[in-house]
Amino acid sequence: MTTALTVRTENLSVRFAGVPALDRLDLRLAPGKIHGLLGRNGSGKSTLAAVLAGFCRPDEGRVLIEGGDLGTAQEPYENAVVTSRVCLIRESGDRPDAVQVKQAIGLAAALRPYWDADLAGDLLDRFEVPLNKKIQKLSRGKKSALGVVLGLASRAPLTIFDESYLGMDVPSRNLFYDALLADYTEVPRTFVLSTHLVSEVSAMLEEVVILDNGRLVTQSPVDSLRGRGASIVGPAAAVDKFTAGFTVLAEERLGGTKSTTILGDLDPALLAQATAAGLEIGPVGLQDLFVHLTGARS
1 MTTALTVRTE NLSVRFAGVP ALDRLDLRLA PGKIHGLLGR NGSGKSTLAA VLAGFCRPDE
61 GRVLIEGGDL GTAQEPYENA VVTSRVCLIR ESGDRPDAVQ VKQAIGLAAA LRPYWDADLA
121 GDLLDRFEVP LNKKIQKLSR GKKSALGVVL GLASRAPLTI FDESYLGMDV PSRNLFYDAL
181 LADYTEVPRT FVLSTHLVSE VSAMLEEVVI LDNGRLVTQS PVDSLRGRGA SIVGPAAAVD
241 KFTAGFTVLA EERLGGTKST TILGDLDPAL LAQATAAGLE IGPVGLQDLF VHLTGARS
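Letter 169 of the sequence shown, counting from 1, is numbered 169 in UniProt numbering, and no numbers are missing.
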């Protein structure tokens, strides 16, 4: 049985050729939760995942990982004890493609102290990944499925999936989501899912971290974030009057009717006021909030 890990970053900055990929990032990932790491292309998600796993060293600041059998907080870079308990699965692979699947499984079993061979075997069967085939001969979907197997069967106290399942078709992704939730229930640990597929994973997430241009836009429990947005629909003049003072994320108008998406807390008194003004209040989905909060960018 593993124990989930806590992650903290303090003033974390990473630069490539002088350009910041992460810019003075402060955040805390609570243990035993499924965290969503969201952001557009170039937002810093993959860089953050790599730093958390000890794949690269920050230019400034630090990452601290603590809990479980690690005890006190430690930095992951060049720390074999920490990195053996952190599993990062990236869409790019990081696997020796010239070897057979069974050899990659054997290597993972040797390196991962919490490795579960029975789970690995079950997942290989469910995803129909052939043991005797070389990884380089697998389809993109099967390579992604192998990554999922390596990540889940590691049962690492901190497991990070960085867009690692994008090569899978919808049924295979759904199988992955079901397998993750089932195993998370059996062996609670800290998961980080870095993804563009916000609508697909939103029901799984407990906490959300949104990055934009290497900076933290927001970190919040999913329910709290959803509660921060609302769509207000009704006569244009009434909508404008009600939404004055709120942060307006989007507006649409059709004739005399207007729909405005706002960011802000609506207490019972405000809800009653909106109803009295003949306005309709609707929820805003996590994906829509993500799009609005990060803005349109090519």
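Each residue gets a CB set at the ideal place from its N, CA and C atoms; glycine is no exception.
Taking the Cβ atoms as the reference, glycine 36 lies roughly 19 Å from leucine 249, outside the contact range of under 8 Å. Contact between aspartate 162 and glutamate 91 holds, since their C-beta atoms are separated by about 6 Å, short of 8 Å. Residue range 140-154 is occupied by the alpha helix (DSSP H) that includes lysine 142.
Distances from the alpha-carbon of alanine 120 to those of Arg155, Phe16, Met168 and Val217 put Arg155 closest. Judged by DSSP secondary structure, aspartate 118 falls within the alpha helix (DSSP H) whose first and last residues are 117-126.
Residue range 45-52 is occupied by the alpha helix (DSSP H) that includes lysine 45. For the 8 Å CB-CB criterion, valine 208 and leucine 180 do not form a contact. Collapsing the DSSP output to three states places histidine 292 in a helix. Pairing alanine 104 with alanine 110, the inter-Cα distance amounts to about 10 Å. Approximately 27 Å separates the beta-carbon atoms of aspartate 212 and glycine 32; this is outside 8 Å, ruling out the contact. The alpha helix (DSSP H) runs of length 4 or more contained entirely in the stretch 200-259 are, from start to end of the chain, 222-227 and 236-243. Distances from the alpha-carbon of serine 46 to those of Val239, Ile160 and Gln136 put Ile160 closest.
In the structure shown, the three-state DSSP call for valine 101 is helix.
For leucine 266 and serine 202, the gap between their C-alpha atoms comes out near 22 Å. Taking cysteine 87 as the centre and dropping the five residues before and after it, the same chain places the C-beta of Ala53, Arg112, Leu150, Gly151, Ser154, Ala156, Leu158, Thr159 and Ile160 closer than 8 Å to its C-beta, in chain order. Taking C-beta separations shorter than 7 Å and ignoring five residues to either side along the sequence, the partners of arginine 15 in its chain run Ala21 and Asp59, following chain order. Here lysine 143 is not near glycine 214, since their CB atoms are 8 Å or more apart.
Between aspartate 240 and leucine 293, the alpha-carbon positions lie close to 21 Å from each other. Of the residues Gly264, Leu263, Ala236 and Ala244, the one whose Cα lies closest to the Cα of glycine 255 is Ala236.
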